[in-house]
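Protein chains in written order, with this note's numbering: chain A, 1 to 92; chain B, 1 to 419.
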Amino acid sequence: MIITCPHCGPRDLAEFSYFGDATATRPDPSSTDQDAWNAYVYDRENPAGEHREYWQHSGGCRGFVIVTRNTLTHEISDIRLASGTQARRKRK
Amino acid sequence: MAEYSAWQVLKNAVTGNAGWRPAWRKPEPKPSYDVVIVGGGGHGLATAYYLAANHGFTNVAVCEKGWLGSGNIGRNTTIVRSNYLLEGNTPFYEHSMKLWENLSHELNYNVMFSQRGIINLCHTPAQMDEAARRGNAMRLFGVDARMVMPDELAKRVPGLDLSQNARFPVLGGLEQPRAGTARHDAVAWGYARAADRRGVDILENCEVIGFLRDGDRVTGVKTTRGEIRARKVAVCVAGSTGRVMKLAGIDRLPIESHVLQAFVSESLKPMIDTVVTFGGGHLYISQSDKGGLVFGGDIDGYNSYAQRGNLPIVEDVMSEVVALFPAAAKVRLLRSWGGIMDMTMDGSPIITTGPLPGMYLNCGWCYGGFKATPASGWCFAHTIARNEPHPLSAAFTLDRFHRGHVIDEKGQGSFPWRH
């Protein structure tokens with residue numbers, strides 16, 4: 001699998017570390033809703049198909065990217081920098 | 001159907017082997033059953049067998065989307081052990097070990113169970129302390145365990161690199177002498193035959209494509225061979241749990257699917273007569289009765305439903321084999337394969353009633369499902385028959401994540417790709 005880092009270009013999978021599902025959104029830090037926190041920590045959609053996930057280019061620029069990858073074929077359809085993505089989502 | 005015996009082998013030997021019959025029937029699905037089990041792998045077939053043998057349920061069907069042995073029961077490294085640490089785990093896996101010890105006899109089918117022992121190697125004083133603690137915990141639960149030192153290892157595992165030049169010099173190891181291996185296909189075939197003989201219908205090429213519902217209650221399954229109604233529906237589909245549960249409207253579970261690769265080398269003369277695990281990395285290796293080295297390492301580490309992996313892990317595992325057994329560097333690899341593991345957030349399995357009324361769920365075996373096959377079937381059958389967890393699997397219910405009672409054997413928290 002080749003992942004194209006927006007900073008460094010196409011690099012081997014071995015340079016990257018996986019950081020899991022990028023669709024899970026952290027509840028408001030002041031929230032005391034235990035179910036919401038449990039769901040955030042433990043429950044996953046686990047799709048067979050397109051999956052949005054965090055990777056770090058830990059063997060390169062150390063930047064975090066959000067990769068959209070098909071879990072059935074390993075095909076990557078989109079890669080973007082993770083920075084700012086959370087903030088953009090909040091503004092909506 | 002005939003019992004397998006020495007007399008049958010002799011009789012068939014002189015009559016051109018014409019007397020053997022198929023080990024299980026190929027029945028047409030009936031319109032309804034007491035219990036429908038989704039998934040004809042080791043756990044599904046064991047569940048069907050123990051439902052019939054222990055609880056008197058004989059009006060049972062097992063729906064398998066492919067052929068028996070095509071899923072994870074045929075995609076593992078055949079290791080059987082019960083060297084666990086925690087209270088929720090040890091009695092369960094030890095019960096499994098005791099069932100393994102009598103399985104060939106009970107099923108009248110040779111599962112080639114071989115108690116060749118498992119040795120977990122240690123490379124630091126801290127690992128030696130941890131191994132001693134684990135060994136003591138096992139013995140307190142009535143499980144066998146002993147420490148082995150390098151001089152004994154030199155005799156027991158001749159090819160092992162015990163020199164001080166090794167990247168991770170070996171200080172010793174923890175052995176469970178009663179652990180070993182079993183023939184994985186024979187386990188599926190043996191349970192299938194034994195369940196079939198008690199009246200269980202095994203429906204191959206019968207994929208479940210939906211669930212019949214009456215309000216919230218699950219009342220049966222839609223399959224590629226028609227609708228089947230059932231009083232109880234038990235889902236037992238390992239790596240496909242996410243996909244099958246979505247058909248029932250359960251979108252989110254504490255599970256991620258990951259691929260685990262395993263490997264077999266060309267056949268060699270006997271060189272490893274036990275199971276060895278490498279504590280400096282993550283490798284488990286044994287030699288099959290045909291002579292191939294059978295080994296595996298870590299999961300690839302990211303969500304996957306593809307039954308194939310990627311090359312970095314192949315390289316990683318090979319380097320570990322060569323680190324342990326330098327002579328293996330010249331051995332050619334025969335084949336590799338990937339199985340899909342339903343990794344849970346704490347690395348422990350789920351055997352539970354629900355999550356919908358009329359439904360029962362058995363999943364989340366990460367990559368340790370094979371050794372658990374007998375006890376998993378035993379406890380899941382109890383859960384289905386009595387609508388309550390078996391005492392041995394009471395800690396494995398689905399709600400443990402939300403109650404805060406996770407069983408985190410590796411202490412790595414809610415990161416399934418690290419278990």
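Note that the Cβ used here is the ideal one computed from N, Cα and C, for glycine as well.
Check: If the cut is a Cβ gap below 9 Å, which residues of chain A does B:N303 touch?
Finding: Taking the second sequence and counting its residues from 1, the one referred to as residue 303 of chain B is at position 303. Correct list: Y18, G20, D21, R44, N46, P47, H51, E53, R69 and T71.
Item checked: Bridge partner(s) assigned by DSSP for B:L324 -> Locating residue 324 of chain B in the second sequence gives position 324, where the first residue counts as 1. Paired residue(s): none; B:L324 is not in a bridge.
Check: Which residue's Cα is closest to the Cα of B:V157: B:R252, B:G117 and B:M128?
Finding: Translated into the one-based positions of the second sequence, residue 157 of chain B becomes position 157. The shortest Cα separation from B:V157 among B:R252, B:G117 and B:M128 belongs to B:G117.
Notebook entry, point to check: Which bits of chain A does B:G242 rub up against, with CB to CB less than 9 Å?
Noted result: Counting from 1 along the second sequence, the entry for residue 242 of chain B is found at position 242. Ordered by position in chain A, the residues that pass the 9 Å Cβ test against B:G242 are R44, E45, N46, P47 and A48.
Next item on the list: Classify A:H7 as buried or exposed, calling it buried when 16 or more other Cβ atoms lie within 10 Å of its own Cβ.
Entry: Translated into the one-based positions of the first sequence, residue 7 of chain A becomes position 7. When all chains shown are included, A:H7 counts as exposed.
Next item on the list: Write down every uninterrupted run of the alpha helix (DSSP H) in the region 365 to 395 of chain B whose length is 4 residues or greater and which is fully enclosed by it, in chain order.
Entry: 373 to 386
Next item on the list: Enumerate in chain order the residues of its own chain whose CB-to-CB distance from B:E175 is below 6 Å, with the five nearest sequence positions on each side excluded.
Entry: Counted from its first residue, the second sequence places residue 175 of chain B at position 175. G117, I119, R146 and V148.
Check: Does any C-beta atom of chain B lie closer than 9 Å to the C-beta of A:H103?
Finding: Within the shown structure, residues of chain A are numbered from 1 to 92, placing residue 103 of chain A beyond reach of any answer.
Notebook entry, point to check: Quick one: what does DSSP say B:S414 is sitting in, helix, strand or coil?
Noted result: Looking up residue 414 of chain B in the second sequence gives position 414. Looking at B:S414 - three-state DSSP - the assignment turns out to be coil, as it is neither helix nor strand.
Checklist line | Nearest-angstrom Cα separation, counted from B:G239 out to B:A166 | finding: Counted from its first residue, the second sequence places residue 166 of chain B at position 166. Counted from its first residue, the second sequence places residue 239 of chain B at position 239. Whole-angstrom Cα-Cα distance: 37 Å.
Notebook entry, point to check: What are the start and end residues of each continuous alpha helix (DSSP H) run of 4 or more residues lying completely inside the region 284 to 365 of chain B, in chain order?
Noted result: 311 to 324
Next item on the list: Give the DSSP-derived three-state secondary structure of B:T277 in the structure shown.
Entry: As a first step, residue 277 of chain B must be located in the second sequence, where it is residue number 277. Of the three classes helix, strand and coil, the one that applies to B:T277 here is strand, per DSSP.
Margin query: Is there a Cβ of chain B sitting closer than 9 Å to that of A:A82, yes or no?
Written below: By one-based count along the first sequence, residue 82 of chain A stands at place 82. Output row for A:A82: interface = no.
Item checked: B:I228 vs B:W24 beta-carbon contact at 9 Å -> On the second sequence, position 228 is the one that residue 228 of chain B refers to. On the second sequence, position 24 is the one that residue 24 of chain B refers to. No, they are not a contact pair.
Item checked: One or two residues paired with B:K222 in a DSSP bridge -> The residue you call residue 222 of chain B lines up with position 222 of the second sequence. Bridge partners of B:K222: B:G210 and B:E227.
Notebook entry, point to check: What beta strand (DSSP E) runs, 3 residues minimum, are completely inside the region 7 to 66 of chain A?
Noted result: 9 to 12, 17 to 21 and 50 to 56
Notebook entry, point to check: In the structure shown, what three-state DSSP assignment does B:L107 receive?
Noted result: The residue you call residue 107 of chain B lines up with position 107 of the second sequence. Note: B:L107 maps to helix in three-state DSSP.
Next item on the list: Please name the residues in the region 334 to 358 of chain B whose beta-carbon is closer than 8 Å to at least one beta-carbon of chain A, in chain order.
Entry: M345
Item checked: Which of helix, strand or coil DSSP assigns to B:I73 -> By 1-based counting over the second sequence, the position of residue 73 of chain B is 73. Helix at B:I73.
Item checked: Reference B:I272; option with closest CA among B:G88, B:D161 and B:L68 -> Translated into the one-based positions of the second sequence, residue 272 of chain B becomes position 272. Nearest of B:G88, B:D161 and B:L68 to B:I272, Cα basis: B:D161.
Check: Apart from the five residues just before and just after B:G226, which ones in its own chain have a Cβ nearer than 7 Å to its Cβ?
Finding: In the second sequence, counting from the first residue as 1, residue 226 of chain B sits at position 226. Around B:G226: P29.
Notebook entry, point to check: Tell me which same chain residues have a C-beta within less than 8 Å of the C-beta of A:E75, skipping the five on either side of it?
Noted result: On the first sequence, residue 75 of chain A is found 75 positions in, with the first residue counted as 1. Within the same chain, A:E75 has close Cβ partners R69.
Notebook entry, point to check: Taking the C-alpha atoms as reference points, what is the distance between B:R403 and B:G291?
Noted result: Taking the second sequence and counting its residues from 1, the one referred to as residue 403 of chain B is at position 403. Taking the second sequence and counting its residues from 1, the one referred to as residue 291 of chain B is at position 291. Near 47 Å, if we compare the C-alpha coordinates of B:G291 and B:R403.
Check: Is there a Cβ from chain B that is less than 9 Å from the Cβ of A:A121?
Finding: What the structure shows of chain A is the stretch from 1 to 92, and residue 121 of chain A is not part of that stretch, so it cannot be assessed.
Next item on the list: Quick one: residues in its chain with C-beta nearer than 8 Å to the C-beta of B:D316, no 5 flanking neighbours on either side, listed in chain order?
Entry: The residue labelled residue 316 of chain B in the question sits at position 316 within the second sequence. Cβ within range, chain order: G281, G297 and D298.
Next item on the list: Would you decide whether B:H95 is buried or exposed? Buried here means 16 or more other CB atoms lie within 10 Å of its CB.
Entry: If you number the second sequence from 1, residue 95 of chain B lands on position 95. Answer is buried; the Cβ neighbour count reaches 16.
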